[in-house]
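Below you'll find the structure, written out as C-alpha cells, and then a few comments.
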Amino acid sequence: MGITILDALDTALVLKNETIFKKAAKWVIDGGLSMNADVNANVFETTIRVIGGLLSAHHLCDGPEKEGLLKQAVRVADKFMPAYETSKSGIPINSINLAKGIATSPGGQFSSTAEATTVQLELKYLSHLTGDPKYWNAAQKVSQVLYKGPQGDKTRPNDGLVPIYINPDTGDFVGSEFRLGSRADSYYEYLAKQYLQTNGTEPFFRDEYRFALHKGIKAHLLMRSAPSGLLYIRELMGPIKGEGARKVDKFDHLVCYVAGTMALAATKGKRVPLDPVERVKVLSGVEMEELYLAEELARSCYEMYRQTATGLASEIVFWRPAKDEVSTAKELDKTWARFEGKGNTGFPRALEGLKESKEGELLVDFDIHALDRHNLLRPEAVESFFVLWRITGDEKYREWGWRVFRSFEQWSKVPSGGYTSLNDVLIVPPPARDKMESFFLGETLKYFYLLFSEDSILPLDKYVFNTECHPLPIFEVTPEMRKKVIWMD
Ligand code: DMJ
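Counted the way the numbering used here counts, the sequence shown spans residues 30 to 518.
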C-alpha cells in the first residue's frame, strides 16, 4: 500500500484533490516511509516510483508539504547511493538491503540494462534541486561506462541495440538478447529524454538515441503484420546480423511506450500541424519519419486492445509477419529519402495503405499464447495516445483512449473500490486477479486524465515525464553546477 501512496501522490495534485494529497503527504512526511525492514529493495523501482513520485509532488505542491517531500526524496536517494558507490564499475547493483544499508544482487544476478539506465532523470533533477552533484554523477557514470570507457561506445558493435543485462563488476553487456520490451525498454526512453530534460544542452544523448533508432531498431527489428500491414518491433537473439540471428515476432505491451518517446524526440514535445503538407514545413524528413513510426506503432498498440473480446490488451502478443524486415526498412528509407528537403511535395500515400480489420474481428494480426493473456492495467499504450494527442491534435487518439478507458471501466473496476488486473482478456467476463499495481494510479489513470485535459496542464515542451509518469520540469544546468558534474559531450 505504501508504494501506491507514493506513486499516486502527484496524481492527487494533478487532479487537484487536496484532501487525498494532504492525507497521503502527511503519511509520507510523518514517518510512513520507514525504510528499515530487512528486505532487498530494487534500486530502479524505488527510483522511478518513490524518488520520482516525491520529486514530482515536491515540484507540483505549493503547500507546507513542499520541503518535507524533497527531504524524503533526499533521504531515499541517500539510502540507495551504496548501489552506485560500492559497484566496481559504477553500474548500479540491483538492490539495497534496507536494514543493513548495503547493496546486494539477490542470487548473484547481473543488473538489468533498463534498470541501470533508468535512474538518470530522477537523480539529475535531485542534484539540480539540492545543488549536490553526487546524485547526478552517480547516474551519469553509467553513461560514461557504457559509451566512454577504454573500449569506446559499447553499443556500436550492435548498431545501438543493447543486450538486456550488464555485469556491474565489469560494466560490460552480457548475452545477446535484444528487444524493446522487458529489461531494455526504458534504456531507449531515457536516452531520448535526457536530451530533453536539460533543454537540449547534451546533444550526445539525442545522437545515441537516433543512432539506436535508425541503425538498430529500424534496420534490424521493424516489421509489418499480416494481413493489416501494422508496424511492430521484433525481438532478436544471437548476433544482430548473419547466420545465427534468430528473430521472433513477440511484442510486449511494454514496447508501446516507444511510440510516445519517438514522437517526443521528433518534435521536442511541440504541437505540429495535423495536415502533412503543413507538417513538412516544420519538421525535417528524419523527424517526419520518426513521427510517422510513432503514429503507426501507436496504431498497432491500439489494435492490440481492439482485437480482443474484452477490448483490453494482453501482456504479450505474437504478430503475424507480412514480409521481411529488410523490405520494411527499405520502403521507409526510400520514402523518406525522397521526402527529405523537398518541402510539400506530397505525403507518402503508399505508407497509408493499411487494411482496416472489421469491428468485432478478433486476433486478426496476432496470436496470444495461453500464458500471456493477462492484463496488468499497464499504461504504455495510453501513454503514447496522450503524447501523440498533444503533439498532433489528432482526435483519433482521444477516441482510442476513450474506448480503452471504457473497457477498463467495464472489466477491471471493482465495485467496492479500485481496479484489478485480469487473468484472461480473451474471455468475457474476464477472470480477475485481485491485484492493482501501483502504476495504475501513478501512470495509467494519470495518462487518461491528461489525454482529456487542456494542453496547458503539464505541457510537453516544459516537462519531461519519468518512466513512471512523474512529471519533472525541464531545466538548464547552472554554470556553477556544470563545473561540478560529469558532462557527456
Ligand atoms: C512502469 O513501472 C514503468 O513504466 C516501467 O518503466 C516499466 N513498466 C511499468 C508499467 O508497465
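Backbone N, C-alpha and C fix where the C-beta goes; we use that ideal spot for every residue, glycine too.
Remember, predicted model here, so these are calculated numbers, not experimental data.
| Where does Val493 fall in DSSP's three states? | strand
| task | Please look up how many angstroms separate the CB atoms of Arg407 and Thr339, rounded, as I've assumed it's under 8 Å. | result | No, Arg407 and Thr339 are not in contact; Cβ-Cβ is about 14 Å, not under 8 Å.
| said: Going by DSSP, what residue range makes up the alpha helix (DSSP H) through Val411? | reply: 409–421
| message | On the DSSP bridge list, what partners appear for Met252? | response | Tyr261
| said: Suppose only complete runs of 3+ residues qualify. What are the beta strand (DSSP E) ranges in the segment 102–174, listed by chain order? | reply: 124–126, 131–133
| message | Distance check for Ala168 and Leu38, CA to CA, integer angstroms please. | response | 24 Å
| What is the rounded straight-line gap between the Cα of Ser211 and the Cα of Asp201? | Rounded to whole angstroms, Ser211 to Asp201 spans 19 Å at the Cα level.
| task | Express the C-alpha separation of Val79 and Asn46 in angstroms, rounding to a whole number. | result | 20 Å
| task | Tell me whether Ile49 sits in a helix, a strand or coil according to DSSP, three-state version. | result | helix
| message | Between Asp214 and the ligand DMJ, is there a pair consisting of the residue's CB and a ligand heavy atom that are separated by less than 7 Å? | response | Yes - the ligand DMJ has a heavy atom lying nearer than 7 Å to the Cβ of Asp214.
| Which residues does DSSP pair with Lys100 in a beta bridge? | For Lys100, which the question treats as bridged, DSSP gives no partner whatsoever.
| request: Between the Cα of Tyr238 and those of Leu152, Lys310, Arg185, spot the shortest distance and give me the residue it belongs to. | output: Answer by Cα proximity: Arg185.
| query | Which value, in whole angstroms, describes the spacing of the CA atoms of Phe504 and Thr230? | reply | 10 Å
| query | Grouping DSSP H, G and I as helix and E and B as strand, with all else coil, what is Asn187? | reply | Helix.
| said: Short of 6 Å in beta carbon distance, which residues of its chain neighbour Ala379, apart from the five on each side in sequence? Order them along the chain. | reply: Any answer about Ala379 is weak, because its pLDDT of 37 lies below 50 and its placement is not dependable; what the coordinates show is given next. Taken in chain order, the list of residues that qualify is empty.
| Inter-residue Cα distance where the pair is Leu400 and Glu390 | 22 Å
| query | Which residues mark the beginning and the end of the beta strand (DSSP E) in which Trp348 is found? | reply | 345–348
| task | Please classify Arg275: does DSSP put it in a helix, a strand, or coil? | result | strand
| Through-space distance from Leu99 to Leu84, alpha-carbon basis | One C-alpha to the other measures close to 6 Å.
| query | From what residue to what residue does the beta strand (DSSP E) around Asp182 run? | reply | It is not in any beta strand (DSSP E) - Asp182 carries neither H nor E in the DSSP assignment.
| message | I want to check one thing, is the minimum distance from the CB of Ile246 to the heavy atoms of the ligand DMJ below 7 Å? | response | no
| field | Identified DSSP bridge partners for Asp523 | value | Missing from the structure shown is residue 523; the chain here goes from 30 to 518 and no further.
| message | Looking at the ligand DMJ, does it come within less than 7 Å of Thr199, judged from the CB to the closest heavy atom? | response | no
| message | Helix, strand or coil, according to DSSP, for Pro460 in the structure here? | response | coil
| CB of Glu509 to nearest heavy atom of the ligand DMJ: below 7 Å? | no
| Cβ-based burial, Asn452 [other Cβ within 10 Å; buried from 16] | The C-beta of Asn452 has fewer than 16 other C-beta atoms within 10 Å across all chains shown, which makes the residue exposed.
| In chain order, what residues of the same chain have a beta carbon less than 8 Å from the beta carbon of Val311, not counting five sequence neighbours either side? | Leaving aside the five residues that flank Val311 on each side, the residues in its chain whose CB is nearer than 8 Å to its CB run, in chain order, Val301, Pro302.
| query | According to DSSP, is Glu206 helix, strand or coil? | reply | strand
| Excluding the five sequence neighbours on either side, which residues of its own chain have a C-beta within less than 7 Å of the C-beta of Tyr448, listed in chain order? | Taken in chain order, the residues that qualify are Leu406, Phe437, Ser441, Lys442, Met465, Phe469.
| message | Against chain C, with Cβ distances strictly below 8 Å, would Thr159 count as a contact? | response | Going by chain labels, chain C is absent from the structure shown, which holds only one protein chain.
| field | Cβ distance (whole Å) where Ser413 is taken to contact Ala213 below 8 Å | value | Between Ala213 and Ser413 the Cβ distance is about 17 Å, and since that is not below 8 Å, they are no contact.
| request: Can you say whether Gly245 is buried or exposed, counting buried as having 16 or more other CB atoms within 10 angstroms of its CB? | output: buried
| said: Just to confirm my understanding: we take Ser343, look at its own chain, exclude 5 residues before and 5 after, and list those with CB closer than 8 Å. What are they? | reply: Within the same chain, Ser343 has close Cβ partners His282, Met333, Thr337, Ile397, Asp401, Arg402, His403, Asn404, Val454, Leu455.
| field | Nonlocal neighbours in the same chain, by C-beta distance under 6 Å from Gln149, ignoring five residues either side | value | Closer than 6 Å at the Cβ level, and outside the excluded window around Gln149, lie Ala168, Tyr219, Gln223.
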